[in-house]
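Trainee: Which chain is which? The protein sequence lines are A and B, in order. Quick note: my numbering has the first sequence finishing at residue 694, numbered continuously throughout. Quick note: my numbering has the second sequence finishing at residue 694, numbered continuously throughout. Ideal Cβ positions, reconstructed from N, Cα and C, are used throughout, including at glycine. These numbers were taken from a predicted model, which means no experiment stands behind them. For reference, the structure I am asking about is given below.
2 protein chains.
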Amino acid sequence: MIYNCLIINGLLSAGGYVIAVRLIPGFRQKFIDKNRVGKDLCKKNKKEIPESMGVLIGLVFLVVLFLFIPVPFTLGNYSPLLTLGEAIKTGSKTTFPHEKFVELLVALLSIAVMMLLGFIDDIFDLRWRYKLVLPSIAMIPLLMVYAVYYNLTTIIMPKFLRTFVGYSLDIGALYYIYMGMLAVFCTNAINILAGINGLEVGQSLIISASILLFNFIELSLGHQVDAHKFSIYLMLPFLAVSLALWKFNKYPSQVFVGDTFCYFAGMTFAVVGILGHFSKTLILFFLPQIINFLYSIPQLFKFIPCPRHRLPKYDSKSDLLHISTTDFDKNELNMLGRLMVTVLKSLKLITWQEKPDGKVTTNNFTLINFVLLVFGPVHEKILTQMLMGFQILCTVLALIIRYPLANYFYDT
Amino acid sequence: MIYNCLIINGLLSAGGYVIAVRLIPGFRQKFIDKNRVGKDLCKKNKKEIPESMGVLIGLVFLVVLFLFIPVPFTLGNYSPLLTLGEAIKTGSKTTFPHEKFVELLVALLSIAVMMLLGFIDDIFDLRWRYKLVLPSIAMIPLLMVYAVYYNLTTIIMPKFLRTFVGYSLDIGALYYIYMGMLAVFCTNAINILAGINGLEVGQSLIISASILLFNFIELSLGHQVDAHKFSIYLMLPFLAVSLALWKFNKYPSQVFVGDTFCYFAGMTFAVVGILGHFSKTLILFFLPQIINFLYSIPQLFKFIPCPRHRLPKYDSKSDLLHISTTDFDKNELNMLGRLMVTVLKSLKLITWQEKPDGKVTTNNFTLINFVLLVFGPVHEKILTQMLMGFQILCTVLALIIRYPLANYFYDT
């Protein structure tokens, strides 16, 4: 019974892959005709590449899941609309999983709205502050449904805190803020670890594969079966359409994915994390993104001057990527800025060239540049592979933390 | 209790209006900067006007309804997740209206997906055949939910047919095709009765006001209270954001609405018609659109040559609109084409000028041109008002058909 639904989901996902692989090249020219293109900056010819292709595979994802909607809910012979009285009379099953049905619909609603907002962002190039607001808007339906159906805002405390605050703590509205923030985090975390061919899709592939691995481990352990099945139902089609996109987006990119894809991917992860009740584990799978975010903070929040693009610098002679740098006057920095660079310098996490007159050259603070800083100039294709390799390492680390170490903090 | 929810919905809708009215002028420049503009063809200066503004008010509509989600479902003190056993033990209400909750979510899902597809159509200018497919895609979730929850495909027969086919007839899959077609019809019907300032929004305002009037009449009669409340929940916010759009889209247009709006409006109507169980009455409210469609058939299906634009012709001297015409050789027409023009000519529904060599000039077959044919050249603003007046007349006719005459066909 469990596996029937998974098999149908897998078949639909495979169908989605086949359709996406055909649609993308078909629509390339359409995107070019309508000037939905972006320049590929790390290439000799800086060719214009069709942009926002994420919207196309996002639609395929939605259609796959639309067709899947009835599958888990009709194979069980439930009677969704029996009243209490009728059920007692006829002795029928009334355990139609209304809440699961609602969860699937609201997940799709939040994801669809995020896609729409992402595509709008691609078309109109919204400002940064909108990028923080949009995922929160798309999360509203999910939060509302959570409020109506569960409104559980109690969290279990780690063992070492229980003597102070007890076994669990009701954090009330903070729980909703946490869920909203998770969506903002997931969407933007993918969006800022980007800029070289294939990286947005590459990292999303590994995150979704990691989630699937985790879901299957939990399923095999018999933990929270419904929640992990739900996650698989969304992650398999996501992996399938992302693989189709990867085929065209990997080095050398024939299409770009757009903010639409980053939003779509991030939102899908956030939704399965929340509704699958494994948001803490999910965050562990975002380790490279968290590192990139932390490393970026000095520039993102303008403690250090931040150029418009922080992409690596392309050297057309060697066809290799070098770190990109930013120049500024040391006296521009305020107290906090000075403190940050001092710490980063002493930990050897940044390059730092200072002229006698106080002019400074340092690398842009992104994980991509940091990899180049450690390993020296490399080819774009290799750079994406290195970052994807790091993402895989982090998944292994995440599973180590999740399984053996979690016992120290929680009873599992 | 009924009225509490309606009042909150009304307040949220009013908030939506206020926000939409502020957002539209704020985003005009953004649309112009990104070249999301269209030419206003019926003006002296043919100015470029921001296009696809429907996506903005569509988003406001969605947010209003997202915030409304919990309202009808928490004011009633339902306990959605009690199991049968717990309910018997505690004697609690288990009559949480799961199906209503699901209906609201799936309605929003279908509408949101339609908006996304509409915006994609605006950006990429998809071909006509896609315009027929896209609404069907957006309808899938609704059809799937219908299949899981109800799967009722039996229709009540009009009295005069009952002696032949019985009181009711199960039409099976045809019922799903009917629902899918309804979405295709509603979205495209509004999309093809368009082209002069304010007409798309104007007709949608009157249709939504007609639906609301009908819902309130039914509520006051105590008929299908839940279904009509549901319809009001969607129609009030729709009317509010459309009024905001009307403020800027009416003659002389400061913004255009785009296919996004036509799709959004049509889908919202189709969804309330289906889930509110009044799809036949809904179709009556589309009388002008049906007339326009029937009149357009000879050109839409290429029995008569069809130019790319069928807009009225603007005369800059008088500032009036005249009928637009199309020229062709009479011998080009096939049998069916000849039959059609013969019928239309004899009913005096078209102009027809024939030269001795067989060259023909006739008006384009649209309701807009027909109004000009009857009343002579008029100003664009007046033309929109005349068509809106006709829409109101049709609503009156629809209510006469629905109420007194329905008794002859059904037991009401």
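Could you check where the alpha helix (DSSP H) with Ser490/A kicks off and where it finishes?
Mentor: Taken as a continuous stretch (DSSP letters only), the alpha helix (DSSP H) holding Ser490/A covers Leu481 to Leu503.
Trainee: Mind checking the region 419-444 of chain A against chain B and listing, in chain order, the residues whose C-beta falls within less than 8 Å of any C-beta there?
Mentor: The region 419-444 of chain A vs chain B, Cβ under 8 Å: Ile419, Ile422, Pro423, Met426, Val427, Ala429, Val430, Tyr431 and Tyr432.
Trainee: Considering only their Cβ atoms, is the gap separating Val660/A from Leu669/A smaller than 8 Å?
Mentor: No; because the gap between Cβ atoms is not below 8 Å, this pair is not in contact.
Trainee: What first and last residue would you give for the alpha helix (DSSP H) that runs through Val539/A?
Mentor: Neither: Val539/A is in no alpha helix (DSSP H) and is coded neither H nor E.
Trainee: Under the DSSP definition of a beta bridge, which residues are partnered with Ile338/A?
Mentor: Note on residue identity: the sequence assigns Leu, not Ile, to residue 338/A. Partner(s): none; Leu338/A has no beta bridge.
Trainee: Determine the chain B residues that contact Phe567/A at a beta-carbon separation under 8 Å, and present them in chain order.
Mentor: By Cβ distance, chain B contributes nothing, its closest Cβ being about 27 Å from Phe567/A, past 8 Å.
Trainee: So, is the C-beta of Ala302/B closer than 8 Å to a C-beta in chain A?
Mentor: It does not; no Cβ of chain A falls within 8 Å.
Trainee: Quick one: residues in its chain with C-beta nearer than 7 Å to the C-beta of Val384/A, no 5 flanking neighbours on either side, listed in chain order?
Mentor: The residues are Val427 and Tyr431.
Trainee: Take the Cβ of Arg590/A as the centre, count every other Cβ of all protein chains shown within 10 Å, and call the residue buried at 16 or more, exposed below.
Mentor: Exposed is the call here.
Trainee: Can you tell me whether DSSP reads Ile331/A as helix, strand or coil?
Mentor: It is a strand residue.
Trainee: For the candidate residues Leu582/B, Cys287/B and Asn613/B, whose alpha-carbon lies nearest to that of Ile351/B?
Mentor: Considering only alpha carbons, the answer is Cys287/B.
Trainee: By Cβ distance below 6 Å, which residues in the same chain neighbour Gln635/B in space, the five residues on each side in sequence not counted?
Mentor: Within the same chain, Gln635/B has close Cβ partners Thr643.
Trainee: CA-CA distance, Leu305/B and Lys663/A?
Mentor: Their Cα atoms are separated by approximately 43 Å.
Trainee: In three-state DSSP terms, what is Ser606/B?
Mentor: Three-state DSSP puts Ser606/B in coil, outside helix and strand.
Trainee: Let me confirm a value: Met617/A is counted as buried when at least 16 other C-beta atoms fall within 10 Å, else exposed. Which label applies?
Mentor: Under this definition Met617/A is an exposed residue.
Trainee: Secondary structure at Gly477/A, three-state DSSP: helix, strand or coil?
Mentor: DSSP places Gly477/A in coil when its eight states are reduced to three.
Trainee: For Pro417/A and Ala465/A, I'd like the C-alpha separation in whole angstroms.
Mentor: Rounded to whole angstroms, Pro417/A to Ala465/A spans 6 Å at the Cα level.
Trainee: When you compare the CB of Val345/B with every CB in chain A, is at least one pair closer than 8 Å?
Mentor: It does; some Cβ of chain A falls within 8 Å.
Trainee: Just the C-alpha distance for Gln506/B and Leu495/B, rounded to the nearest angstrom, thanks.
Mentor: For Gln506/B and Leu495/B, the distance between alpha carbons rounds to 15 Å.
Trainee: Would you report the Cα separation of Pro423/B and Ser392/B, rounded to the nearest angstrom?
Mentor: Going by the C-alpha atoms only, they are around 6 Å apart.
Trainee: Indicate whether at least one CB of chain A lies closer than 8 Å to the CB of Met335/B.
Mentor: No, because no Cβ of chain A sits closer than 8 Å to the Cβ of Met335/B.
Trainee: Among residues of its own chain, excluding the 5 on either side of Phe537/A, which ones have a beta-carbon nearer than 7 Å to its beta-carbon?
Mentor: Note that residue 537/A is Val in the sequence shown here, rather than Phe. For Val537/A, where only same-chain residues beyond five positions count, the Cβ hits under 7 Å are Ile306, Arg310, Ile331, Pro332, Met335, Phe530 and Asn531.
Trainee: Looking at C-alpha atoms only, which residue of Ile453/B, Leu425/B and Ser598/B is the closest neighbour of Ile438/B?
Mentor: Ranking the options by Cα distance to Ile438/B, first place goes to Ile453/B.
Trainee: Along the alpha helix (DSSP H) that carries Ser673/A, what are the first and last residues, could you check?
Mentor: Before going on, a small fix: residue 673/A reads as Gln here, not Ser. It spans Glu662 to Ile682 - the alpha helix (DSSP H) in which Gln673/A sits, taken as one unbroken run.
Trainee: Whose Cβ in chain A lies nearer than 9 Å to the Cβ of Leu398/B?
Mentor: Per Cβ cutoff of 9 Å: Val337, Gly340, Leu341, Leu344, Ala394, Val395, Met397, Leu398 and Phe401.
Trainee: Between the C-alpha atoms of Asp609/A and Leu631/A, what's the straight-line distance to the nearest angstrom?
Mentor: Approximately 17 Å between the Cα atoms of the pair.
Trainee: List the residues of chain B that Lys316/A touches, going by C-beta distances under 8 Å, in chain order.
Mentor: Chain B residues near Lys316/A: Ile405, Phe406 and Asp407.
Trainee: Could you work out which residues of chain B lie near Leu294/A, taking near to mean beta carbons separated by less than 8 Å?
Mentor: Residues of chain B passing the Cβ test: none, with the nearest at roughly 12 Å.
Trainee: Using a Cβ-Cβ distance cut-off of 8 Å, determine whether Thr356/B contacts chain A.
Mentor: Chain A contact via Cβ: present.
Trainee: Report the CB separation of Thr633/A from Asn646/A in whole angstroms; it is logged as a contact under 8 Å.
Mentor: Not really, about 10 Å apart at Cβ, beyond 8 Å.
Trainee: Count the other C-beta atoms from every protein chain shown that fall within 10 angstroms of the C-beta of Phe568/A, then say buried if there are 16 or more, exposed otherwise.
Mentor: Phe568/A should be labelled buried.
Trainee: Starting from Ser450/B, follow the beta strand (DSSP E) in both directions and report where the run begins and ends.
Mentor: Segment Ser450 to Asp452, the beta strand (DSSP E) holding Ser450/B.
Trainee: Among all the DSSP beta bridges, which residues are the ones paired with Trp634/A?
Mentor: Answer is Thr644/A.
Trainee: Residues of the region 646-678 of chain B with a CB closer than 7 Å to any CB of chain A: list them in chain order, please.
Mentor: Cβ contacts with chain A: none found.
Trainee: Please check the pair Pro594/B and Asn651/B, which I expect to be a contact at CB under 8 Å, by giving their CB distance rounded to whole angstroms.
Mentor: Between Asn651/B and Pro594/B the Cβ distance is about 6 Å, and since that is below 8 Å, they are a contact.
Trainee: Helix, strand or coil: how does DSSP classify Tyr432/B here?
Mentor: Looking at Tyr432/B - three-state DSSP - the assignment turns out to be coil, as it is neither helix nor strand.
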